[in-house]
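Take a look at the structure set out below.
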Amino acid sequence: MKKTLSIHLGRQLFVIEEDAYDRLQAYLKKLETSLANESGITEIVEDIEMRFAELLTQYLGETRQVVTIADVQKAISSLGEPEEITEEAEQPKQTQTNTQDSNGQKRMYRDMDNAMLGGLASGLASYLSIDPVIIRIIFVIFGFMGFGVPVYIILWIIVPSAKTPSERLQMKGKPVNIDTLKEEFEKTANRLKDDTINAANKFKTNNQHLTNQATNVLRFIGKIIGVGFIAGALIWLIIFSLIVSGIIDVVPMTGDQEFASLYEFLQLVSPVNKSFSLIWMGILLVGFAGPLLSIAIGARLLLGKVNKYFKWNFILLPSIIFIGIVLGIIGSINSARDYEVYARSPIQSIAVEAEELKLEELPLIINNAKIESSGGIDFISIRNGQIMEHGVNIQYKESRDTLFHISQKFRAHGIDLPSAQKRAVHVRHQLKVENNKILISPYYSFPAKDGLRNQEVEVVIEVPRGKKLFINNQEVLVDGQEYEGVMYTNEPFRAYEKE
262 MKKTLSIHLG RQLFVIEEDA YDRLQAYLKK LETSLANESG ITEIVEDIEM RFAELLTQYL
322 GETRQVVTIA DVQKAISSLG EPEEITEEAE QPKQTQTNTQ DSNGQKRMYR DMDNAMLGGL
382 ASGLASYLSI DPVIIRIIFV IFGFMGFGVP VYIILWIIVP SAKTPSERLQ MKGKPVNIDT
442 LKEEFEKTAN RLKDDTINAA NKFKTNNQHL TNQATNVLRF IGKIIGVGFI AGALIWLIIF
502 SLIVSGIIDV VPMTGDQEFA SLYEFLQLVS PVNKSFSLIW MGILLVGFAG PLLSIAIGAR
562 LLLGKVNKYF KWNFILLPSI IFIGIVLGII GSINSARDYE VYARSPIQSI AVEAEELKLE
622 ELPLIINNAK IESSGGIDFI SIRNGQIMEH GVNIQYKESR DTLFHISQKF RAHGIDLPSA
682 QKRAVHVRHQ LKVENNKILI SPYYSFPAKD GLRNQEVEVV IEVPRGKKLF INNQEVLVDG
742 QEYEGVMYTN EPFRAYEKE
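Start counting the sequence shown at 262; every next residue gets the next number (the working numbering).
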């Protein structure tokens, strides 16, 4: 009775007798010592173990399960002792070669080292010991006949690729032993080294070529971009000059396509002198320095090198743009402060005694002509230093007595209460009372020097209980709630409950 052990060899599990295990261990240690100075020792030993496991599996067959000392010794004889295959071995090379040729066992693999596609043709050529070109020609002929491609794909799936040195040796019909494995590994290492050097040289050459091509392409693209920068900047300079000079009016003021210049519109938005000056200066600095910087960038892309004085443009012009932006921000903040306070003028009230009151639109008279409709949506209109706006707020509610009460409220914003009240007082609006009629203009005006500061007009009508109010010949409901709406020229009046 002998003691047995369970071991893993070549990624396989074996049950081995103790003396056989000791012989195997001694062989592997001697092998590692013998190949200590070889490059790739780990890969060679791993392949030897894989081959050793194949031989043991082959010796065991299907009947035996325990590896004996005889099996190990037989596998060692097939692979060779380490002393016999080192470079210092005294055995003639010719004798080794003959031994290798006599013990070779061919197997079919795909040769990926010489592959054009999947390595099937080169692997089959090695197995049959013929030129791979012949196999490839046969596959091409079969391809034209209609079944070459399916056959190739099936064989590609079935036939494994030769990944390890031992598999490459079996593909060539050479014996798998220490000497041939070392030789195959050295060939593979030399081939990889040569391939790496060739690939590096090719990459260096191609990279230099690609670098030169990329540089030329980038220069060409840069010149095109440079021309675009210059052309766009020149167009902008011409248009911007026409806008700031007032030759071209660009700001829409009414729906009838009436426009105002940028300078005029800015005076309406920012009438405060300090704020206006800061914003206008910021617009001019950014508007002119921006395209000049674009021209400088375009010239740099187009010409390549420029003198040192030209380079100052890339410091001076961005600085001017930055200053312009800062001035514009400061001016905008100061202008925004002009909306801090909302005030209204003293209320003007008219009392009317009647059973019903009719509110009608007062027609707009300009140059002794009645304006029926502008035919568009009016934003603002400036005439003779006065801004005319469209849309009057109408509010009605229940009266506190038996009289109709009509009052006007004018509102505006300002930086403080006095300035807001001053603007509110400047608002002008037409309202006439004739017997039981109240005529209200949907337009109101205020001085252009006051600017646009959210000026509004509100007409409040108090209706006695049990009496009627008609707006544009339509009776409105007064039920104790407050209602409001906006009156526009020649448009139906729509009222909503006040929140």
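Glycine residues also receive a C-beta, built at the ideal position from the N, C-alpha and C atoms.
Nothing here was measured: the structure is a model prediction, and the numbers come from that model.
- With the rule of 3 Cβ pairs closer than 8 Å, the segment 592-602 counts as touching the segment 669-678.
- Around the Cβ of Gln735, a 10 Å sphere holds fewer than 16 other Cβ atoms; the residue is exposed.
- With contacts defined by Cβ atoms closer than 7 Å, Gly487 and Gly559 form a contacting pair.
- Taking C-beta separations shorter than 6 Å and ignoring five residues to either side along the sequence, the partners of Leu385 in its chain run Ile396, following chain order.
- With fewer than 16 other Cβ atoms from the protein chains shown falling within 10 Å of its own Cβ, Ile414 counts as exposed.
- The Cβ-Cβ distance between Gln691 and Gln609 does not fall below 7 Å.
- The C-beta of Met311 has 16 or more other C-beta atoms within 10 Å across all chains shown, which makes the residue buried.
- With respect to the 7 Å criterion, Val747 and Val724 are not classified as neighbours on the basis of their beta carbons.
- Taken through DSSP and simplified to helix, strand or coil, Ala376 comes out as coil.
- Listed in chain order, the non-local C-beta contacts of Val412 below 7 Å within the same chain comprise Phe403, local neighbours out to five positions each way being set aside.
- Per the coordinates, the alpha-carbon of Val505 lies some 58 Å from the alpha-carbon of Lys728.
- Between Ile701 and Val720, the beta carbon gap of about 6 Å places them in contact (Cβ cut-off 8 Å).
- Around Ser422, the same chain offers Tyr370, Arg371, Met373, Gly380 as residues with beta carbons nearer than 7 Å, after the five sequence neighbours per side are excluded.
- The alpha-carbon of Lys693 is positioned some 6 Å away from that of Ile699.
- Partner residues in a beta bridge of Ile500, as assigned by DSSP, do not exist.
- In the DSSP assignment, Leu618 falls within the beta strand (DSSP E) that extends over 617-622.
- Here the alpha carbon of Pro703 sits roughly 45 Å from the alpha carbon of Pro552.
- Counting C-beta pairs with one atom in each stretch, the segment 585-593 and the segment 531-550 have three or more that are closer than 8 Å, which means they touch.
- Gln656 and Pro607 have their C-alpha atoms spaced approximately 17 Å apart.
- At least 7 Å separates the beta-carbon of Glu616 from that of Leu664.
- Just measuring C-alpha positions, the residue of Lys710, Ala521, Val327, Glu621 sitting nearest Tyr749 is Glu621.
- Between Ser295 and Glu307, the alpha-carbon positions lie close to 15 Å from each other.
- With 16 or more other Cβ atoms from the protein chains shown falling within 10 Å of its own Cβ, Tyr388 counts as buried.
- In its own chain, leaving out the 5 sequence neighbours on each side, no residue places its CB closer than 8 Å to the CB of Phe405.
- Three or more Cβ pairs closer than 8 Å define a contact, and the segment 268-287 meets that threshold against the segment 317-333.
- The criterion of a C-beta distance shorter than 7 Å is satisfied by Ile556 and Ala494.
- A direct Cα-to-Cα measurement between Gln319 and Asp332 gives close to 10 Å.
- Residue pairing from DSSP leaves Leu389 without any beta-bridge partner.
- Ile500 is positioned such that its CB atom lies no closer than 7 Å to that of Leu546.
- With a cutoff of 7 Å on beta-carbon distance, Ile641 and Glu650 are scored as near each other.
- Between Ala685 and Lys572, the alpha-carbon positions lie close to 54 Å from each other.
- Here DSSP, grouped into helix, strand and coil, assigns Pro421 to coil.
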